[in-house]
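Protein chains: 2
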Amino acid sequence: MNTTKTLQSMPPSYIREILKAANSDGVISFAGGLPNPESFPMPLIAQSLEKVATKAGLFQYGSTDGYGPLLDYCHAQYALKESHQELICNGSQQGIDLIARAYISPGDKVLVESPSYLGALQVFNLAQADIRTVTSTAKGPELGELENIFSQQDIKIFYVIPDFQNPTGICWSLESRQQVAKLCQLYNVTLLEDVPYRELRFSGKNLPLVSSFCPDHSLVLRSFSKFIAPGMRLGLVTAKDTWIQALIKVKQAADLHTNTPMQALLLDVLTHPDFALHKQNLVASYAQAYQNMANMIDQKLSQYVTFKGIEGGMFIWLNLPSCDDIKLAKEALNRGVAVVPSSVFYHSAQDEPSGLRLNFSHCSETDIETGLERLAQSIKLFC
Amino acid sequence: MNTTKTLQSMPPSYIREILKAANSDGVISFAGGLPNPESFPMPLIAQSLEKVATKAGLFQYGSTDGYGPLLDYCHAQYALKESHQELICNGSQQGIDLIARAYISPGDKVLVESPSYLGALQVFNLAQADIRTVTSTAKGPELGELENIFSQQDIKIFYVIPDFQNPTGICWSLESRQQVAKLCQLYNVTLLEDVPYRELRFSGKNLPLVSSFCPDHSLVLRSFSKFIAPGMRLGLVTAKDTWIQALIKVKQAADLHTNTPMQALLLDVLTHPDFALHKQNLVASYAQAYQNMANMIDQKLSQYVTFKGIEGGMFIWLNLPSCDDIKLAKEALNRGVAVVPSSVFYHSAQDEPSGLRLNFSHCSETDIETGLERLAQSIKLFC
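Line by line, the protein sequences are chains A and B.
Under my numbering, the letters of the first sequence match residues 103 to 485, in that order.
Under my numbering, the letters of the second sequence match residues 103 to 485, in that order.
In structure tokens, the structure reads:
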């Protein structure tokens with residue numbers, strides 16, 4: 103039996119391959135976007151699971167939109183408008199997929215930052231979107247270019263990660279946020295704002311969501327993977343009611359609803375009196391890990407690479423001298439360190455600057471040092 | 103923002119509406135396919151959750167195909183061929199959806215029994231399949247008609263529920279199973295065998311899977327919702343390796359992987375020394391509930407309806423004198439009993455016999471009696 107043409111045309115996921123290899127013994131991985139399991143709030147989880155075990159009702163079929171008490175909590179917590187609704191998904195990845203299935207017909211134009219999150223690019227490819235790109239600057243998308251694209255092309259959705267972007271770590275300025283919202287309204291483009299790293303700010307001050315400046319022109323995707331735990335597979339989409347209703351219709355066919363015991367667990371953790379402290383500790387530990395990695399890059403790699411400091415998230419984006427970064431990543435893997443070459447994050451990787459994405463949230467201080475030494479040897483060979 | 107044309111053309115789910123109303127106070131519901139929450143193995147679940155709470159690794163990102171130890175267990179338990187693989191899904195509903203997304207291009211022909219499971223019809227509609235139907239008999243699909251269809255139409259997938267079908271409760275005979283497998287091989291049609299009710303046999307003897315007669319021409323969908331608990335959202339697809347690999351590719355984009363803590367819970371429950379006893383009690387209680395409902399139908403409805411006895415599952419399929427069964431179901435709902443009209447289970451409901459699907463697994467004996475009295479009054483008015 104042949105797969106669909108769309109699926110046949112999807113390239114094998116290089117990152118999946120590298121992540122598989124990254125699990126091998128002796129390999130130090132800067133590749134995945136994995137949180138540190140030592141950061142998971144296990145005492146809070148244990149308390150909740152004890153309660154969950156007494157509630158048979160949580161194991162019955164549930165509502166497609168999600169577990170009622172969790173929806174109520176999030177509606178209040180995220181100060182949603184009265185006219186806005188929510189949908190709990192199997193991670194925010196499913197949110198992207200449901201939005202694509204509900205709203206993107208083959209050939210519809212979707213604009214993404216260049217580079218952008220690979221998992222979103224996969225979804226838009228699967229939906230046969232016509233993917234366009236806009237240049238990223240340190241403050242957000244290049245605004246002149248963005249307005250040109252909006253005015254000349256019929257963009258339906260603009261997919262963005264304004265807080266500590268994956269892969270670049272960039273956090274949009276306040277002005278960029280306001281301008282992008284204004285342009286989306288002016289040109290009637292739907293903003294799809296993905297904020298999985300938003301809670302992981304370790305310096306600078308919080309900025310409003312881009313969507314807060316255009317709430318009825320946007321969908322927001324939140325994730326509980328990065329600041330609680332990803333194995334639960336829980337994310338949240340919010341938007342105006344009619345848009346969420348369309349997603350619910352697809353979700354119903356896709357898997358009926360998201361598992362309820364984990365939703366109850368999530369609510370217990372979010373409302374636990376110690377949760378604020380958990381988050382504070384988590385962010386402090388990631389800030390520390392970032393600082394370690396940044397210092398060691400300065401020590402061991404500064405003659406080969408440059409990078410911009412970040413204020414949060416999980417990734418450092420290394421700029422390399424021109425080279426084949428895919429070959430470099432393979433060489434590094436042979437030497438026992440897994441990294442992701444920047445090329446995989448570009449929709450069309452031509453003449454894009456060479457680089458690597460390094461994750462710092464998942465390794466011990468020693469592993470960061472050893473891993474960077476191995477990387478330095480590989481870079482020396484290649485660049 | 104407009105939804106896709108495909109989504110616009112999907113009718114609102116009548117059954118979702120009725121299920122929503124069925125939750126109102128005072129309404130007795132024979133509508134959903136809900137297991138009885140009193141049957142959930144809560145002591146086994148509680149023991150497992152205590153263990154789960156100690157394993158931070160379960161809360162990390164996991165493999166797209168599923169939790170390794172659970173996959174190993176299922177491979178052995180279901181005696182899969184060496185060359186066959188598995189994928190854990192968010193319920194078997196997601197399995198149907200992933201198969202459709204990987205294998206069905208717009209216009210591809212999918213054959214279903216008439217009537218069939220509504221959730222599968224929704225998925226095939228969303229995939230823009232060209233849905234064809236074959237008549238159901240008490241022993242399985244009408245074999246002459248099936249061979250005609252296979253020989254004259256280019257059917258890609260034949261979707262079937264051979265064990266205690268939803269909605270009819272029919273269990274295919276051994277001969278039907280062998281013949282269908284033979285025809286699938288002969289005409290190179292892929293069999294999609296959905297067996298959510300298979301473990302719920304309360305009389306007669308177990309029959310082999312249809313797929314056991316054509317393992318390399320089939321995909322099998324198993325569910326843990328009906329004999330453990332649906333709120334976990336766990337199902338399993340098995341098939342030859344290349345087919346599962348394609349599904350994994352779609353699953354990766356759809357939601358990365360199924361939540362791991364629930365998979366660990368499932369494995370603990372399946373391998374618990376008391377699990378066999380749980381299943382035995384569950385099946386005995388459903389057999390009893392079926393017998394209650396069947397007896398009361400004989401007492402209260404026999405002048406209006408007929409039905410065929412069943413050997414397992416969750417549903418009785420009532421044949422009615424010719425009437426508008428959708429109006430009847432609405433009238434019954436007004437009188438405080440929710441049922442599903444048979445028309446919704448037909449791909450194209452024209453001249454199909456009037457009927458109702460009644461679920462018996464979810465109500466107390468008293469509710470079954472009261473509900474059937476209300477139903478009798480409604481039928482009296484209509485038929």
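The C-beta atom is built at its ideal place from N, Cα and C for all residues, glycine as well.
Since we're looking at a predicted model, the values are computed, not measured.
Locate the beta strand (DSSP E) running through residue i, then write down its first and last residues.
| i | result |
| --- | --- |
| B/Thr292 | Thr292 to Asp296 |
| A/Tyr64 | Any question about residue 64 of chain A goes unanswered here, given that chain A covers just 103 to 485. |
| B/Val262 | Ile257 to Val262 |
| A/Cys191 | His186 to Cys191 |
| B/Gly337 | Gly337 to Lys342 |
| A/Ile412 | No beta strand (DSSP E) contains A/Ile412, which DSSP labels as neither H nor E. |
| B/Arg459 | Gly457 to Asn461 |
| A/Ile233 | Asp232 to Thr239 |
| A/Leu213 | Lys211 to Ser216 |
DSSP on residue i, reduced to helix/strand/coil?
| i | result |
| --- | --- |
| B/Ile272 | coil |
| B/Ser424 | coil |
| B/Lys353 | helix |
| A/Ser320 | strand |
| B/Asn56 | Not covered by the structure: residue 56 of chain B. The range shown for chain B is 103 to 485. |
| A/Gly168 | coil |
| A/Leu358 | coil |
| A/Gly159 | helix |
| B/Ser305 | coil |
| A/Gly246 | helix |
| B/Ser207 | coil |
| A/Ser313 | helix |
| A/Ile130 | strand |
| B/Ser327 | coil |
Rounded to whole angstroms, what is the Cα-Cα separation between residue i and residue j?
| i | j | result |
| --- | --- | --- |
| A/Gln280 | A/His319 | 13 Å |
| B/Cys465 | B/Gly134 | 11 Å |
| B/Leu172 | B/Thr108 | 36 Å |
| A/Arg300 | A/Gly271 | 11 Å |
| B/Thr166 | B/Lys157 | 19 Å |
| B/His374 | B/Tyr169 | 18 Å |
| B/Asn436 | B/Pro114 | 20 Å |
| B/Cys485 | B/Gly128 | 25 Å |
| B/Leu200 | B/Leu349 | 6 Å |
Use the C-beta contact count for residue i: other C-beta atoms within 10 angstroms, 16 or more gives buried, fewer gives exposed.
| i | result |
| --- | --- |
| A/Asn461 | buried |
| A/Gly209 | exposed |
| A/Asp174 | exposed |
| B/Asp343 | exposed |
| B/Leu276 | exposed |
| A/Ala386 | exposed |
| A/Asp427 | buried |
| B/Lys328 | buried |
| B/Pro264 | buried |
| B/Asp376 | exposed |
| A/Lys353 | buried |
| A/Glu295 | buried |
| B/Gly411 | exposed |
| A/Ser238 | buried |
| A/Glu215 | buried |
| A/Leu288 | exposed |
Which residues bound the alpha helix (DSSP H) around residue i?
| i | result |
| --- | --- |
| A/Val385 | Phe377 to Lys402 |
| A/Thr373 | No alpha helix (DSSP H) holds A/Thr373; DSSP gives it neither H nor E. |
| B/Asp469 | Glu467 to Phe484 |
| B/Ser111 | Lys107 to Ser111 |
| A/Lys153 | Met144 to Val154 |
| B/Gly221 | Leu220 to Leu228 |
Tell me, to the nearest whole angstrom, how far the beta carbon of residue i is from that of residue j; I am working on the premise that it is less than 8 Å.
| i | j | result |
| --- | --- | --- |
| B/Leu422 | B/Val441 | Their Cβ separation, rounded to whole angstroms, is 11 Å, which puts B/Leu422 and B/Val441 out of contact at 8 Å. |
| B/Val297 | B/Arg324 | 6 Å |
| A/Ala257 | A/Val312 | The sequence given here places Ile at residue 257 of chain A; Ala does not occur at that position. So it is not a contact: roughly 15 Å between Cβ atoms. |
| A/Thr362 | A/His186 | Incorrect: roughly 23 Å between the Cβ atoms, too far for contact. |
| B/Thr360 | B/Cys191 | 6 Å |
| B/Met395 | B/Asn227 | At roughly 32 Å, the Cβ-Cβ gap does not stay under 8 Å, so B/Met395 and B/Asn227 are not in contact. |
| A/Ile147 | A/Val371 | 6 Å |
| A/Gly333 | B/Gln162 | 5 Å |
| B/Gly415 | B/Phe252 | That pair is no contact at about 27 Å. |
Near-chain E residues of the segment 399-428 of chain B - C-beta to any C-beta below 8 Å: No chain E appears in the structure shown, which is made up of the protein chains A and B.
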